[in-house]
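Asks:
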Amino acid sequence: MATKEKLKTKAARLREEARETGKVVFRAPALVRFAECVIRFLLGALLAGAEIFGGYAPFGLGLVGASGSGLDGFFALLGACFGYLTMEGFVEGLRYTAACVLVFSMAFAFFDVGAYRKSWFMPLAAAAIDGVTGFIYLSDQGWTPESVIFFGTELLLCGASVYFYRIAFTPWTEKREEEGLTARQTISLLLLLGTLLLTLSKLTLLGDLSVGRFAAAVAVMAVAYKGGVSAGATAGVAVGLGMDLSTGGMPFYAMAYALSGVMTGVFHHQGKLAATLAYVLSNALAVLWTWKDGLHIPLLYEVFAASVVFLLLPDRLLRQVGALVAREPKHGTQERAMAYVKGRMEDTAAAFKSLYESMRGTLHTSRPNNNDTAAIFDRAADRVCKRCPLQTSCWQRDYVSTYNALNDALPAMLERGRGEGGDFPAYFSNRCMKFADFLTAVNEELAGLLYRRQYQSRLRENRAAVCRQYGELAEVLGSAAAELSAELIPDPVREKRLRQYLTAQGVECELAVYYDEAGHLRVELEGAGLSPLRQSGQVDKLAKLMNFPLRLVEEGRRDRLVLVQSEPLMAVAGVAARKKDGQTVSGDTGAWFKHDDGALYVLLCDGMGSGRLAQRESTLAVRLLEQFLRAGVRPENALRTLSSALALRGEDEIGFTTIDLLRVDLFTGEGDIYKYGAAPSYVKKGTAVSRVTGCALPAGLAGGEGGAPDVTHLKLEAGDCVLLISDGVTGGQPDQWVRDKLAAFDGQSPRELAQELIDESDQQAGAADDRTALVLRLSKR
């Protein structure tokens, strides 16, 4: 009602001025207000066309809910209704139009109620009204699990858009003394612009060139150039997911924009041209990855056009973008914390680059094949019967009897893999003047058919593997984005104490003290005078000063010193190995290392067979898997990605490897054993020994949904032992002797136990395969 009275007052004032002066004069505030209303109308119309999942459009309704009950809300309502009726059609448009009218009416009716001013009221109200109207319309079409998920997502996005759109407009609607945008306003404004791109993505020029994707490419380049790796990756993932939601397809655009944003951020210090080239080339690489499923050629043209526009953007505009996304840290700790996360993300990108280089040579362009079984006889007839005097008799006058004879012979031929004379009726084989030649030609064509079917089957498997790689890449980028958003908490008290101590020692350096995403203390020092701190006993003094156990992380740099919180548990490992008799190298490969986050990884891979081929496969698996794990990729994602890559490498020559991966958190003792076709592992707790097995195929053979590794969770304590062995130790024979050896182990020397197992395996299983045993014992530090 207050809005209604305000409108009446303004109208009365205009009438009074017109009566006195004979004309109506619109002052500057009125013109600005009119421009704001026009903007609301245009935004409502555009957001009404922003679709997700191929038919759900909650964003125009969200703008109406965020605009309130005044002139802003009225013009947003008009724009949204216009957009829904023109872009969504009458039936679907009428549903959203009704919801918009109800949302505006509720805002108008509850304007003077205290609950209306709560941040949750209008988002909840808009989502509820959208749910009621949508339920009525969608119930006629029937409910499926897919429609329930999509409808629930629409309600969530409807309420979220009301919440964030209202924040995005607060610089207009609220008068503030301070200049600039807050973090929430910046994020909300970017979300508003991102949803606008969903509508613009449907606007195409010159065929398939999308205006929305062109604008998205310019935006990602600008954000990555001014904000670096983290901002580029975040903008790329957000924009790409929006494009994928609008098309309802695989997360291709999320992968392409995120990868391009990361690479642009990596080169943003090298200048605008270098950043632009990095974006264009990485985007082209992402497009080439879809070679098997159809190239997204229009994206290349859009990126090229966007790169030209980006190069022409004035520096003043780019500085404004930088002010939005590249906020200066309050002190050096935040800068170093972000550099730590940036390094993790760059390591992940390097791991994917190594993976791509190892498999790119195995991908080939497919050619169309004719797999119709009837074509076997047609092709054979073209080769043999073309010059036969009986051609007209067999293939025209007696076509039905010829067809029946060939059709009767086909099942036996397909089952056997080749044709024989007895497969054909006597009236056909006796009448044919060139039956032997015809049978030879048929067998050649049949062999070609079976080969093409086998090739197509392998090709389909490889395409499915590439699609799974995209999914794994999306998960990895999502994990990296989540890590970027994790709060790394500085510790100013300990930082001040450390600075005072170093000043007293005469050490001048930059320092940062903070807690990483797992809550563990991390100390970073950088400067030219750090050598005294590397001396014996200095780390213990720093640990006492920080009141935390610390250990030194060697990075190979003399001007940088990193200390991390030391784990309460430590591990002692012992390994013994012996190659197969008659071989110069072993096909078993192992490795172990400790990550900065306190996780210990132990790897044992057994390549197919023995000798150098097996060694090559197992070494490649260990190297790639270690690189992924060191980069911070989760073990499940790393293992599935590696298995798919090995399957692709086996397109021309078959190769696979078993994988045993043990991960132990030395802070908590929590652990997991991951297996791909590996031999049983053994866990000793006290005097009891348990056996850990799995049913997954070796890496490189498993595919599809069955390609996940077997996972066994462990809870280890000081004194517990874990034994990993390759299958040559037992040779497929009963393993009770292995359990007895481990049960009798006193914990003194894991190396001696591993050697005893290898020596005993010579009597128990012989020397028919490579043998490796790795014993790990936990103890308190």
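Here the sequence shown is numbered in UniProt numbering, starting from 1 and rising by one per residue. Positions of the beta carbon are idealized from the N, C-alpha and C atoms, including for glycine.
#1: Apart from the five residues just before and just after Tyr56, which ones in its own chain have a Cβ nearer than 7 Å to its Cβ?
#2: Buried or exposed: where does Asn407 fall if 16 or more other Cβ atoms within 10 Å of its Cβ makes it buried?
#3: Does Lys675 come within less than 8 Å of chain D when only Cβ atoms are used?
#4: Excluding sequence positions up to five away, which residues of its chain have a Cβ less than 6 Å from the Cβ of residue 782?
#5: Let me know the secondary structure DSSP gives His595 once reduced to three states.
#6: With a cut-off of 8 Å, do at least 3 Cβ pairs link the region 607–614 to the region 623–640?
#7: Expressed to the nearest angstrom, what Euclidean distance is found between the alpha-carbon atoms of Ala233 and Leu563?
#8: If you scan the region 569–618 from start to end, which runs of the beta strand (DSSP E) of 3 or more residues do you find wholly inside it?
#9: Under 6 Å Cβ to Cβ from Ala66, same chain only, skipping five residues before and after it: list those, please.
#10: Under a Cβ-count criterion, where at least 16 other Cβ atoms within 10 Å of its own Cβ denotes burial, should Met243 be classed as buried or exposed?
#11: Quick one: measure Cβ to Cβ for Arg383 and Ala441, integer angstroms, because I've assumed they're closer than 8 Å.
#12: Which residue from Leu662, Leu498, Asp665 puts its Cα closest to that of Val513?
#13: If you draw a straight line from the C-alpha of Val132 to the C-alpha of Phe104, how long is it?
#14: Ends of the beta strand (DSSP E) at Leu521?
#15: Grouping DSSP H, G and I as helix and E and B as strand, with all else coil, what is Gly55?
#16: If we require 3 or more residues per run, which beta strand (DSSP E) segments fall completely within the region 688–746?
#17: So, for Pro123: in the same chain, excluding its five sequence neighbours on each side, which residues have a beta-carbon less than 6 Å away from its beta-carbon?
#18: Less than 7 Å between C-beta atoms, sequence neighbours within five positions excluded: which residues of the same chain meet that for Leu61?
#19: Indicate the three-state DSSP secondary structure (helix, strand or coil) for Leu662 in the structure shown.
#20: If you draw a straight line from the alpha carbon of Asp665 to that of Gly590, how long is it in whole angstroms?
#21: Can you tell me the Cβ-Cβ gap for Ala35 and Met87, rounded? I've got them flagged as a contact below 8 Å.
#22: The alpha helix (DSSP H) spanning Lys544 covers which residue range?
#23: Rounded to whole angstroms, what's the CA-CA distance from Arg771 to Asp735? Just pull it up for me.
#24: Apart from the five residues just before and just after Ser643, which ones in its own chain have a Cβ nearer than 7 Å to its Cβ?
#25: Mind checking whether Val572 and Leu724 have CB atoms under 8 Å apart?
#26: From the DSSP output, in three-state form, read off Leu299 for me.
#27: Helix, strand or coil, according to DSSP, for Ser161 in the structure here?
#28: For the pair the region 580–589 and the region 613–622, tell me if three or more CB-CB distances fall below 8 Å.
#29: Between which two residues does the alpha helix (DSSP H) carrying Tyr116 extend?
#30: Could you tell me the alpha carbon to alpha carbon distance between Thr402 and Arg452, rounded to whole angstroms?
#31: Return the chain-ordered list of same chain residues with a C-beta closer than 7 Å to the C-beta of Gly598, the five sequence neighbours on each side being excluded.
#32: Spatial neighbours of Gly93 within its chain, please: CB distance less than 7 Å, with the 5 preceding and 5 following residues excluded, ordered by chain position.
#33: Mapping the DSSP letters down to three states, classify Thr195 as helix, strand or coil.
#34: On the DSSP bridge assignment, give the partners of Gly671 in chain order.
#35: With which residues is Thr657 paired in a DSSP beta bridge?
#36: Which value, in whole angstroms, describes the spacing of the CA atoms of Arg663 and Asp672?
Replies: In this structure, then:
#1: To locate residue 56, count along the sequence shown from 1; it is residue 56. Hits under 7 Å: Phe150, Glu154.
#2: Taking the first residue of the sequence shown as 1, we reach residue 407 at position 407. Exposed: under 16 other Cβ atoms inside 10 Å.
#3: The chain labelled as chain D is not found in the depicted structure, where only one protein chain is given.
#4: Absent from the model: residue 782. The displayed extent of the chain is 1 to 781, so no value can be given.
#5: Start at 1 with the first residue of the sequence shown, and residue 595 comes out as number 595. Looking at His595 - three-state DSSP - the assignment turns out to be coil, as it is neither helix nor strand.
#6: no
#7: In the sequence shown, residue 233 corresponds to position 233, counting from 1. In the sequence shown, residue 563 corresponds to position 563, counting from 1. Computed Cα separation, rounded: 28 Å.
#8: 569–578, 588–594, 599–607
#9: As a first step, residue 66 must be located in the sequence shown, where it is residue number 66. Correct list, in chain order: Val162, Tyr165, Arg166.
#10: Sequence index remark: in the sequence shown, residue 243 carries index 243 (1-based). So Met243 ends up on the buried side.
#11: In the sequence shown, residue 383 corresponds to position 383, counting from 1. In the sequence shown, residue 441 corresponds to position 441, counting from 1. Yes, Arg383 and Ala441 are in contact; Cβ-Cβ is about 5 Å, under 8 Å.
#12: Indexing the sequence shown from 1 puts residue 513 at position 513. Checked all of Leu662, Leu498, Asp665; the closest Cα to Val513 is Leu498.
#13: Position 132 of the sequence shown, counted from the start, is the residue given in the question as residue 132. Position 104 of the sequence shown, counted from the start, is the residue given in the question as residue 104. If you take the alpha carbons of Val132 and Phe104, they lie about 15 Å apart.
#14: On the sequence shown, position 521 is the one that residue 521 refers to. Note, Leu521: beta strand (DSSP E), 521–526.
#15: Residue mapping note: residue 55 aligns to position 55 of the sequence shown, counting from 1. DSSP, read as helix, strand or coil, puts Gly55 in coil.
#16: The region 688–746 contains these whole beta strand (DSSP E) runs: 688–692, 710–715, 721–725.
#17: As a first step, residue 123 is located in the sequence shown; it is residue number 123 there, counting from the start. Closer than 6 Å at the Cβ level, and outside the excluded window around Pro123, lie Gly159, Val162, Tyr163.
#18: On the sequence shown, residue 61 is found 61 positions in, with the first residue counted as 1. Counting only Cβ-Cβ distances below 7 Å, and skipping sequence neighbours, we find Ala80, Tyr96, Ala99, Cys100, Val103, Ala126, Asp130, Cys158.
#19: Looking up residue 662 in the sequence shown gives position 662. Looking at Leu662 - three-state DSSP - the assignment turns out to be strand.
#20: As a first step, residue 665 is located in the sequence shown; it is residue number 665 there, counting from the start. As a first step, residue 590 is located in the sequence shown; it is residue number 590 there, counting from the start. The straight-line gap from Cα to Cα measures roughly 19 Å.
#21: If you number the sequence shown from 1, residue 35 lands on position 35. If you number the sequence shown from 1, residue 87 lands on position 87. Their Cβ separation, rounded to whole angstroms, is 24 Å, which puts Ala35 and Met87 out of contact at 8 Å.
#22: Locating residue 544 in the sequence shown gives position 544, where the first residue counts as 1. In the DSSP annotation of this structure, the continuous segment of the alpha helix (DSSP H) that includes Lys544 starts and ends at 538–546.
#23: Counting from 1 along the sequence shown, the entry for residue 771 is found at position 771. Counting from 1 along the sequence shown, the entry for residue 735 is found at position 735. The straight-line gap from Cα to Cα measures roughly 14 Å.
#24: Looking up residue 643 in the sequence shown gives position 643. Cβ neighbours of Ser643 beyond the five flanking positions: Tyr676, Ala699, Gly700, Ala702, Gly707.
#25: Position 572 of the sequence shown, counting from 1, holds the residue named residue 572. Position 724 of the sequence shown, counting from 1, holds the residue named residue 724. Cβ distance not < 8 Å, so Val572 and Leu724 don't count as in contact.
#26: By 1-based counting over the sequence shown, the position of residue 299 is 299. Helix at Leu299.
#27: As a working note, residue 161 is residue 161 in the sequence shown. Helix.
#28: Output reads yes: the region 613–622 touches the region 580–589.
#29: Your numbering for residue 116 matches position 116 in the sequence shown. Bounds of any alpha helix (DSSP H) do not take in Tyr116, whose DSSP letter is neither H nor E.
#30: Here the question's residue 402 lines up with position 402 in the sequence shown. Here the question's residue 452 lines up with position 452 in the sequence shown. Taking the straight line from one Cα to the other gives about 26 Å.
#31: If you number the sequence shown from 1, residue 598 lands on position 598. Its chain contains His520, Glu567, Asp665, Leu666, Phe667 as the residues whose beta carbon lies nearer than 7 Å to that of Gly598, once the 5 sequence neighbours on both sides are disregarded; these appear in chain order.
#32: Stepping through the sequence shown from its first residue, residue 93 is reached at position 93. Excluding residues within five positions, the ones whose Cβ falls inside 7 Å are Tyr84, Leu85.
#33: Mapped onto the sequence shown, residue 195 falls at position 195. In this structure, Thr195 counts as helix in the three-state DSSP scheme.
#34: For the purposes of this step, residue 671 is taken as the residue at position 671 of the sequence shown. Residue pairing by DSSP places Gly671 opposite Val664, Leu714 in a beta bridge.
#35: Here the question's residue 657 lines up with position 657 in the sequence shown. Per DSSP, Gly607, Ala699.
#36: The residue you call residue 663 lines up with position 663 of the sequence shown. The residue you call residue 672 lines up with position 672 of the sequence shown. Their backbone Cα atoms lie some 5 Å apart in a straight line.
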